[in-house]
Amino acid sequence: MTTPILSVSNAVKRYGDVHALDHVSQDIADGEFLTLLGPSGSGKTTLLSAIAGFITLDEGRIALRDTDITRQPPEHRDFGMVFQGYALFPTMTVRDNVAFPLKVRKRPAAEIRARVDECLDLVQMGQYADRMPSQLSGGQQQRVALARALSFHPQVLLLDEPLSALDKKLRADLQWELKALHDRLGVTFIYVTHDQEEALSMSDRIVILKDGKIQQDGKPGELYNRPVNSFVADFLGKSNFIDVTVTGAEGDLLHCEAKGASFPAIASENGPRSGQARAALRPERLRLAAPGEEFLPARVRQVSYLGERCQVIVTHDTLGDLLVSCPTWKTDITPAPDLPVSIGWDRDACVLLAPE
Amino acid sequence: MPRLGEKTQYWLLVLPALAIMIAFYIVPVLGIWQISVTEPASGFGNFAKAAQSNAVKTSFVLTFRVAAVTTVGCVLLGYIVAYAISNYAGRLTPLMLALVILPFWVSVLIRSFSWIVLLGRSGLVNDSLRGAGLIDSPLRLMHNEFGVLVAMIHVMLPFAILPMLTNMRGIPDAYVKAARGLGASEWTAFRQVYFPQTLPGVMSGALLVFVLSLGFYVTPALLGGGRVLMISEYITYQIQEFLAWGLGSALSVILLIATALVLLIAARFVNLRNALLERK
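So the sequences go chain by chain: A and B. Just so we're aligned: 254 in the numbering used here is position 223 of the first sequence, and the numbers increase by one with no gaps anywhere. Just so we're aligned: 602 in the numbering used here is position 278 of the second sequence, and the numbers increase by one with no gaps anywhere.
In structure tokens:
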């Protein structure tokens, strides 16, 4: 990574006895799309607020390139911000909303007019310039909020759950648009969400937080395929968990045993390579086959049909229930309750986790 | 028992209050309208007399001036209180609210008499100032417009604070935060983003105070000491001292119409339904 545009080091924020941020450090590269992902209370919004300047850290430091901005008021930081619920000023037209950051910066009127038009066109809202925010739909308000946040050419755009109020289909469309906008503008995006799909689909990098601590950070694929602990494995997508004993190792490959069943697994980054551990197994990596074809015998307990996929809960004699997600178009067997089957997985599908 | 229709239920519930209003308010008001055009002679003689009288004109001008100054005073002071409570009181909010509403539990009469104790010739204020050697002879703090205004603003203040407070509490702090995040200073964020959103509350508070002040009697009568004759006191004089029921009634009708006009003009700028009933 080249010199980071933004650098958070050892950030601590306490509310009473609760650590909203517990020694968080993170460098953000110029032009990156970084997502802060976590459940509510994980500290993701606190971290964003600290970067924006709305809260003051108890300890630690935030630097923009080489400047320490830890104690700078928000209006001097020059970050664009899109709020949850958009916070469009209800007494101003769309045009005035987008012009607001330029007006407070005392830019010339002609420049403001041109820039506002440009920004509204960028989000395809040009024709709504003279409407009031209350006359717009949620999706349209979201676009205006984005235009307003970008109008003054900020170096960093902060987004606080900008899509959470929209319905699912619109959210999916806007995810594509946001990503395209990011790639086109080259502005650094810092995006807060609790929605793992949103995080996976847009981010260059994801930081997963829990209880004010960073659990793991990396590219979406890395986090999904190599979660470091059971929190990450369960929060980002679904996982089956099996407590195993490592019986041997062959390079990256580990041999595991659990309650009489033995199977291969791989270690996560800094994860255990021997002894007792917990393994995570993605439902879609499990294969469902006729009895005897795969290495573990099981029996179907329950089936849930979801259109493109089918969720099946199978029961193994000693390992208990496992969730299998299989494509519905693959019709080797048709799962039904009580059907005897066998299950198996590729050797790299099972990841040994570090303790939390 | 057969179920009553929804309409019947509605009227049964409304009826007792409605009957009292009609019997003890609407009918007497209509009676006053009648007296104003029948006593001492039929016709609009009372209204002609009122229109020609300089004393009536002076009293109306005074009434509107006192109401206007009271309104401005209440809105300015009330805005600060409402702003402080809704933005800074935090956990103290219920206590602060109670302190705003507390005066309602004390009669207007007692509050006005308290001001007499404070502002009189040998009242608390004058005594303290004299004791401190700041003045030689007592200041005239009451029995003039100043005294009336001080007491009026005090009595009316909650009526200005409450609508403004309700309005401000409905404004999420996200707007000011957004403004700051987009580069506005604290003052710019307040002026351009927060303040415009509080205007509906300001308007309804102002309207409430102004309309109530126009017909206010007790406080101006006590603090004015007969020297600051607002129209309601003037009417009392006509009826009690001069037994001029016709002129008194005519003035009441004029005050009623004037108040209605104020509301009508205000309706062009404010949503009255929100301002006076729903307090959004």
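Idealized CB from N, CA, C, for every residue including glycine.
Smallest Cα separation from residue i: which of the options?
| i | options | result |
| --- | --- | --- |
| A:D89 | A:V238, A:D48, A:Y222 | A:D48 |
| B:V594 | B:F368, B:W511, B:A530 | B:A530 |
| B:M480 | B:V390, B:I350, B:P364 | B:V390 |
| B:T394 | B:R515, B:A568, B:A484 | B:A484 |
| B:V380 | B:V424, B:G572, B:P364, B:L588 | B:G572 |
| B:L401 | B:S556, B:P482, B:Q516 | B:P482 |
| A:Q155 | A:R179, A:R318, A:E192 | A:R179 |
| A:E228 | A:R340, A:G69, A:T34 | A:G69 |
| A:V334 | A:D369, A:A196, A:S261 | A:D369 |
| A:G279 | A:Y46, A:G91, A:P295 | A:P295 |
| B:T543 | B:S436, B:L489, B:A513, B:G455 | B:S436 |
| B:Y407 | B:F470, B:D497, B:T332 | B:D497 |
| A:E149 | A:P386, A:M112, A:H184 | A:H184 |
| B:E565 | B:G550, B:D451, B:N378, B:L489 | B:G550 |
| A:A321 | A:V372, A:P303, A:E315 | A:V372 |
| A:V187 | A:A145, A:S195, A:L312, A:V113 | A:V113 |
| A:L194 | A:G338, A:I143, A:L216, A:H225 | A:H225 |
| B:R464 | B:K373, B:A347, B:G548, B:T362 | B:G548 |
Check residue i in the structure and name its three-state DSSP category.
| i | result |
| --- | --- |
| A:S373 | strand |
| B:F519 | helix |
| A:K295 | Note that residue 295 of chain A is Pro in the sequence shown, not Lys. Strand, per DSSP. |
| A:K44 | strand |
| A:S38 | strand |
| B:Y349 | helix |
| A:A367 | coil |
| A:L464 | Coverage of chain A is limited to positions 32 through 387, which leaves residue 464 of chain A absent and any answer about it impossible. |
| A:H213 | helix |
| A:M7 | For chain A, the structure presents residues 32 to 387; residue 7 of chain A sits outside this window and is missing. |
| B:S528 | helix |
| B:P482 | helix |
| A:Q206 | helix |
| A:A280 | strand |
| B:F514 | helix |
| A:L267 | coil |
| A:T122 | coil |
| B:I434 | helix |
| A:P185 | coil |
| A:T359 | coil |
Rounded to the nearest angstrom, what separates residue i and residue j at their Cα positions?
| i | j | result |
| --- | --- | --- |
| B:P487 | B:I434 | 25 Å |
| A:P132 | A:S182 | 7 Å |
| A:N41 | A:G243 | 11 Å |
| B:F388 | B:V500 | 37 Å |
| B:E330 | B:L336 | 10 Å |
| A:M163 | A:F120 | 9 Å |
| B:W357 | B:W439 | 35 Å |
| B:M466 | B:T417 | 34 Å |
| B:V351 | B:I344 | 10 Å |
| B:N468 | B:P364 | 34 Å |
| A:T346 | A:L319 | 12 Å |
| B:G367 | B:G570 | 11 Å |
| B:M420 | B:M492 | 15 Å |
| A:V39 | A:S261 | 26 Å |
| B:K604 | B:G494 | Because B:K604 sits at a pLDDT of 41, beneath the cut-off of 50, its placement in the model cannot be relied upon, and the point is left open. |
| A:G91 | A:R257 | 30 Å |
| A:L190 | A:Y222 | 5 Å |
| A:R102 | B:I425 | 40 Å |
| B:P427 | B:L453 | 27 Å |
Measure the Cβ-Cβ separation of residue i and residue j and say whether it is below 8 Å.
| i | j | result |
| --- | --- | --- |
| B:T583 | B:V552 | no |
| A:V43 | A:D53 | yes |
| A:F266 | A:L65 | no |
| A:V175 | A:V129 | yes |
| A:V263 | A:N301 | no |
| A:D379 | A:I245 | no |
| B:L575 | B:Y558 | yes |
| A:D161 | A:R126 | yes |
| A:T365 | A:Y336 | no |
| A:G375 | A:F326 | yes |
| A:L201 | A:M233 | no |
| B:M554 | B:S431 | no |
| A:A94 | A:T77 | no |
| A:D61 | A:I100 | no |
| B:L579 | B:G539 | yes |
Checklist entry - Within the chosen definition, does the stretch 95–111 of chain A reach the stretch 494–509 of chain B through at least 3 CB pairs nearer than 8 Å? => result By the Cβ criterion, the stretch 95–111 of chain A is in contact with the stretch 494–509 of chain B, since at least three pairs of Cβ atoms, one from each stretch, lie closer than 8 Å.
Checklist entry - Does the stretch 433–447 of chain B come within contact of the stretch 508–523 of chain B, defined as at least 3 CB pairs closer than 8 Å? => result Touching, no.
Checklist entry - Would you call the stretch 302–309 of chain A and the stretch 267–284 of chain A in contact, with 3 or more CB pairs under 8 Å? => result These segments touch.
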